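First the structure, in the form of C-alpha cells, and then the observations on it.
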Amino acid sequence: MTPKFNFSKKEKLKSIKDIEQLFKKGKSIYQYPLRLTYLEKKEKNGVLINFGVSVPKKKIKLAVNRNLIKRRVREAYRLNNKALKNVLSNSGKELNMMLIYGSEQILSYSEIEGKIKVILCRLTESCEVDSK
RNA sequence: AACGCAAAUCGUUCUAUCGCUGUCUCAAUUUAUUGGGAGAGAGGAAAGUCCGGGCAGCAAAGUGCAUCCUACCUAGCGAAAGCUAGGGUAUUGUUUUAGGAAUGAAACAAUAACAGCAAGUGCCACAGAAAAUAAACUACCUCAAUGUAUUGAGGAAAAGGUGAAAAAGUGAGGUAAGAGCUCACUGGUUAUAAAAGUAAUUUUAUAAAUAGGUAAACCUUAGGAGCUGAAAAAUCAAAUAAACCAAGGUUUGAGGGUUGCACGCCCAAACUUGGAGGGUAGAUUGUUAGAGCGUGGAGGCAACUCCUCGCCUAGAUAAAUGAUAGAAACCUCGACCAAUGUAUUGGUUAAAGGUACAGAACCUGGCUUAUAGAUUUGCUUUUUUA
RNA sequence: GGUCCUGUGGCCGAGCGGUUAGGCAGAGCUCUGCAAAAGCUCCCACAGCGGUUCGAAUCCGCUCGGGACCU
Numbered sequence: 012m013t014p015k016f017n018f019s020k021k022e023k024l025k026s027i028k029d030i031e032q033l034f035k036k037g038k039s040i041y042q043y044p045l046r047l048t049y050l051e052k053k054e055k056n057g058v059l060i061n062f063g064v065s066v067p068k069k070k071i072k073l074a075v076n077r078n079l080i081k082r083r084v085r086e087a088y089r090l091n092n093k094a095l096k097n098v099l100s101n102s103g104k105e106l107n108m109m110l111i112y113g114s115e116q117i118l119s120y121s122e123i124e125g126k127i128k129v130i131l132c133r134l135t136e137s138c139e140v141d142s143k
C-alpha cells in the first residue's frame, strides 16, 4: 500500500452541532501552544477523523497571519496522522477533533510540526489504552 | 551627483517532492466514489467602509416637514460619485525689487470643506469701564451743595490699562470738555457706472453707510437624495403548528404595515369550510461575460474616448490558492581591488542577513489609509565640474 | 459581508467651545499605647494625528483600540 497524505474536504469538521457537542463534552490535551479537543462520534459517517483548526482573532490580529498558521497546522496534521488512523481503524472508532492555536507568536513550520507529533502520539496512546 | 519632497508605473522569478478548491475529460466500479490526464486558482491596495452605480425587496415605492449631502469660475471627461486642464481669490514660504523704516509690488512654489455674518438669531470664558440697540471705573468738562476736596445731577466718548479681538487711521477745524460732529488725505467694505474678461474677478470713477469675529454655531440661498441592504431575494426535499392563503360571514373601526414625524395609502380580529406550507437545520440559484481585461493603432496637455485583433480570467463557505528543499534576481552590511575630491564613487566576491504592506466573500467606479525595494518625471537644498 | 455606538488617572464616572468635577485605590501627615474609622495634603488623565477657531475633551476629517446588532 502506497502511503497517502490526503486531507480532503470530507475530513474537515464543519457542522455547527458537532462543534457544539465537541466543546461541551470533549476531552482535551494541552501541549503549548496547541490545545487539542476530541470526542468520539455518536453517529458514524464513514470518515475516521473530522478535523478542524481554529486560530483566535484576539491572539493573532491579521487575517494573513491567521491563514498562514492554519495552513502550517493543517500541513503538519496531514503528514503525521497515519499512526492515529491505524489505531482507530483497528478499534473501529471515529473521532471529531479541533486544534486551537494559543500563542501570540507566529511559530515556524518545524516548531509546529514537532508539537503536533507529540500531541498526536499522546492521543494515540490514550486511544490504545481505551481499546484495551 | 547626493539627500529630501511630490506624482506616476512596477511591486520577486524558476525547479523538484507532497498536498488543497473548482472546471473539462477518460477509465473503473460498490452509482457516488476512486484513479489517471488537461487546464485554472488573491491585490494595488483584496483593507477602511468615506461617497457613487448596478442588482434585489418594499401589498402605494405617494405628499409635506424633518434629516443628510454638495458649494470660487470656465472648459472637458464620466453612468454617477468624482476626476482632468486652465484661470481667479485668500493664506504661507522663497527670491527679486521700491523704501530710511513700517510696509508695498512682482515672479515662482505649496495649500485651501473657497456660497452667504452688509438676511435673522445665538455665542465671545478670564481680564477689562465696556465684548455689540454701545456703555461710563479712573481721569476730563459744566452746574449745584457742603466748604477746599468731596458728594450729587448732567455732558462727553478723546486718554488709561485689559484682552485673541476695543467700534477705521493721521492731521486740522470745532467745543465748556469732547466726539466722523465737520473737512482734507489715506486704508477698507458695499452699491452703482464704465472699461477688460465667456466667467470667477480685476482696474478706474462716483455715491452712501458705519462697517468686530464666529456658519467644521443655529441658520439662509442654490442644487441633489424614496427607504432598506446579498444575513437582500428566489427555489427545493423531509416532517408537519394557535402561523399563511381563498371563500363565507357577524361586529369592531381597535390594532397592524420596511421610512424620524404628520397626512395619505394598504391590510384588517373572533367563527366555519377548503387549500397550502412556515420556523429550524441544509442544499441550489443569486455568484461571476462585465460601463470586462490585454496587445496594437488613432485623437487629446490631461482626465478619457474611438477603432482593430485576441482572451474568458478565483469562486471558497469552520472559508481553497499551501508546505519543505534548492537555485536565480534585487537590497543591506562585510571583505578585496581601482580611482581620486580622503570619504565618497565604481567594480569583484560570495560568508551573513533581508525581500514590504497585506488575503477575495455579489459585482463595480472613485476617495482615504498602509507599503521593503526598483524605474521614470518634476522641484527645493547642498557639493563638484565647465 | 453589512449597519451602528463608543474611547477622560490604576478602576468607576461627570463634563454638549473658556483652568478636566467627584468617588474608590495608592503615598504622606494628624489623631491613638497600637490599629481601624475620621480629617488634611499629595499623586497619576481627555486614544493618536491633522484642520476650523482668539481658544477644542467638546466641532470636522483621517487613523488606532473596544463593544453592540443584523427574524
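When you read off a place in the first sequence, starting at 1, and then add 11, the result is the number in the numbering used here.
Even glycine gets a Cβ: it sits at the ideal position worked out from N, Cα and C.
These numbers were taken from a predicted model, which means no experiment stands behind them.
Distance check between G63 and each of R77, I111 and N92 places I111 closest, using alpha-carbon atoms only. Bridge pairing for G63: M109 [DSSP]. The stretch 134–141 makes no contact with the stretch 111–122, as fewer than three CB pairs between them are under 8 Å. Beta-bridge partners assigned by DSSP to I123: none are found. For K81, the CB contacts under 7 Å within the same chain, skipping 5 residues up- and downstream, are V64 and V66 in chain order.
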